[in-house]
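Structure, as structure tokens:
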Amino acid sequence: MKNFTLLSIFAGMLIGIGGLVYLRVGGVAGAVLFAFGLLCVVMCGAQLFTGKSGFLPYRDFPKLIAMILLNAVGCAIAAFIASYCGSESLVANLQTIIEARMSASWHKVFVTSVGTGMIMTLAVYGARQRHFLPLLFGVPVFILCGLPHCVADAFYYVLSMFYNCFEWSLLLAWLWAIVGNYVGCNLPRWFMGESFDKI
Numbered sequence: 112m113k114n115f116t117l118l119s120i121f122a123g124m125l126i127g128i129g130g131l132v133y134l135r136v137g138g139v140a141g142a143v144l145f146a147f148g149l150l151c152v153v154m155c156g157a158q159l160f161t162g163k164s165g166f167l168p169y170r171d172f173p174k175l176i177a178m179i180l181l182n183a184v185g186c187a188i189a190a191f192i193a194s195y196c197g198s199e200s201l202v203a204n205l206q207t208i209i210e211a212r213m214s215a216s217w218h219k220v221f222v223t224s225v226g227t228g229m230i231m232t233l234a235v236y237g238a239r240q241r242h243f244l245p246l247l248f249g250v251p252v253f254i255l256c257g258l259p260h261c262v263a264d265a266f267y268y269v270l271s272m273f274y275n276c277f278e279w280s281l282l283l284a285w286l287w288a289i290v291g292n293y294v295g296c297n298l299p300r301w302f303m304g305e306s307f308d309k310i
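Take 112 as the starting number for the sequence shown in the numbering used here and just add one per residue.
Next up, the structure:
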């Protein structure tokens with residue numbers, strides 16, 4: 112249990128670091144550099160909600176709930192670090208993300224989050240077969256498409272508290288992103304059937 116807790120928090124920190132570099136750099140370069148976070152998650156065997164949702168048995172759903180909450184704790188630690196790395200570009204990019212989430216309807220957040228979940232599972236699926244390009248390209252794909260990632264969003268939302276642009280309505284958007292990511296994470300094994308398990 113201790114190992115699960117620490118690795119779940121660590122996963123949130125790694126994604127938070129990826130989010131930090133994206134906020135500071137922005138654009139295609141920032142999206143590509145964000146992939147460092149997911150690459151490290153896979154390399155370290157960290158417990159990331161969107162990295163495990165498409166692989167764990169459905170009966171382990173309570174474990175996923177604990178995982179996303181612990182991921183959020185890791186994101187909060189990363190956000191505290193990021194609060195010391197502020198810049199005009201960071202604040203501007205953060206505000207853009209926050210405004211996009213706040214203006215989106217619940218069904219838009221849900222549907223777009225499904226896309227992120229599918230990309231994440233395929234990226235990890237590839238890594239399990241020692242094909243790492245999906246890991247490198249998957250993150251920039253969902254970022255540049257504007258698809259929400261619930262763990263990255265946890266980092267953005269906590270960081271927004273340090274810059275006074277947090278709104279409580281973001282918690283509802285976060286919940287819909289979690290649900291959408293979970294559904295999307297499971298699409299590959301739903302579509303691929305038995306061939307998905309042959310890894």
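Where a beta carbon is used, it is the ideal one built from N, C-alpha and C, also for glycine.
Check, Outcome
"With 16 other Cβ atoms within 10 Å as the buried cut-off, status of Gly138", "exposed"
"6 Å Cβ shell around Leu256 - same chain, five flanking residues per side excluded", "Note that residue 256 is Cys in the sequence shown, not Leu. Once the five neighbours on either side are set aside, Cys256 has no close Cβ partner at all."
"Contact the stretch 244-255 vs the stretch 275-288: 3+ CB pairs below 8 Å", "no"
"Proximity winner among Arg241, Leu298, Tyr293, Phe273, relative to Ile188 (alpha-carbon distances)", "Phe273"
"Residue span of the alpha helix (DSSP H) that contains Leu159, given as start and end", "It is not in any alpha helix (DSSP H) - Leu159 carries neither H nor E in the DSSP assignment."
"Candidates Thr223, Gly197, Cys155, Gln158, of which the one nearest Val132 by Cα", "Gly197"
"For Pro251, the three-state DSSP class (helix, strand or coil)", "helix"
"Nonlocal neighbours in the same chain, by C-beta distance under 7 Å from Ile230, ignoring five residues either side", "Gly249, Val252, Phe253"
"Host alpha helix (DSSP H) of Leu258 (start-end)", "Here Leu258 belongs to no alpha helix (DSSP H), and DSSP marks it neither H nor E."
"Three-way DSSP call (helix, strand, coil) for Leu167 in this model", "coil"
"Pick from Trp217, Ile126, Val136 that is closest to Asn182, judged by C-alpha positions", "Ile126"
"CA-to-CA distance, Phe302 to Tyr236, given in whole angstroms", "14 Å"
"Option in Trp217, Gly165, Val290, Ile128 with minimal Cα separation from Phe147", "Ile128"
"Spatial neighbours of Gly185 in its chain, beta-carbon cut-off 8 Å, leaving aside the 5 residues before and after", "Ser119, Ile120, Phe121, Ala122, Gly123, Met124, Leu125, Ile126, Gly127"
"Limits of the alpha helix (DSSP H) - the one that Gly129 falls within", "113-136"
"Beta-carbon spacing of Val262, Leu159 below 9 Å", "yes"
"Terminal residues of the alpha helix (DSSP H) in which Asn275 lies", "No alpha helix (DSSP H) contains Asn275, which DSSP labels as neither H nor E."
"Euclidean distance between Cα positions of Asn292 and Ser216", "16 Å"
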